[in-house]
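In terms of UniProt numbering, the sequence shown is residues 1 to 142.
A virtual CB, placed ideally from N, CA and C, is assigned to each residue, including glycine.
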Amino acid sequence: MRQVKHLLEGKGNKIFSIEPDVPVLEAIKRMAEYRIGALMVMRGSALVGVMSERDYARKVLLQGRSSSQTAVSDIMSGTPITVSPDTDVFDCMRLCTDSRIRHLPVVDGEQVVGVISIGDLVKAVIDAQAEEIEHLQRYITS
């Protein structure tokens with residue numbers, strides 16, 4: 001099966017991030033602008049958390065907090081689960097399912113080198129299954 005590094009080769013390794021002391025409102029604006037569901041929370045080059053739309057909904061909206069007065073660090077998911085570029089796609093799917101998360105930062109050594117989402121993983125599995133079906137059909141008809 002494919003590894004995370006193969007997914008990043010196809011989708012790119014653009015990392016959308018925000019600093020922990022920035023107001024949540026700015027984070028939501030960035031997510032809307034980039035059409036993404038999560039931002040990596042970075043202090044310099046260090047990953048300190050992940051802030052998702054789900055964090056916003058549960059920790060700001062439902063608690064009646066102010067988006068402009070609440071810092072990203074107050075609602076982010078700290079100590080994020082990460083994967084390496086060599087992690088297998090199925091292992092990533094298992095991590096996302098078991099941990100109930102949708103975004104996985106990809107870390108090589110101490111550096112964040114990309115982010116994959118559950119959507120990226122599902123697409124990779126579907127593509128692999130389609131390829132396997134095609135190989136089997138060719139085998140059967142030849």
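- Asp108: member of the beta strand (DSSP E) spanning His103 to Asp108, first to last residue.
- Residue environment: Leu136 is assigned as exposed (fewer than 16 neighbouring CB atoms within 10 Å of its CB, all protein chains considered).
- Membership of Leu7 in the alpha helix (DSSP H) is indicated by the continuous run Val4 to Lys11.
- Taking a 10 Å sphere around the C-beta of Ala38, we find 16 or more other C-beta atoms and assign the residue as buried.
- The C-alpha of Asp88 is placed about 30 Å away from the C-alpha of Pro20.
- The three-state reading of DSSP puts Gln137 in helix, counting H, G and I together.
- DSSP places Ser52 in the uninterrupted beta strand (DSSP E) bounded by Ala46 to Ser52.
- Judged by pairs of C-beta atoms under 8 Å, the segment 50–57 touches the segment 95–105, as three or more such pairs exist.
- The beta-bridge partner set that DSSP reports for Gly64 is empty.
- In the three-state reduction of the DSSP assignment, Asp21 falls in the coil class, being assigned neither a helical nor a strand state.
- Shown here, Arg30 sits in a helix according to DSSP, grouped into three states.
- Thr141 and Asp91 have their alpha carbons spaced roughly 33 Å apart.
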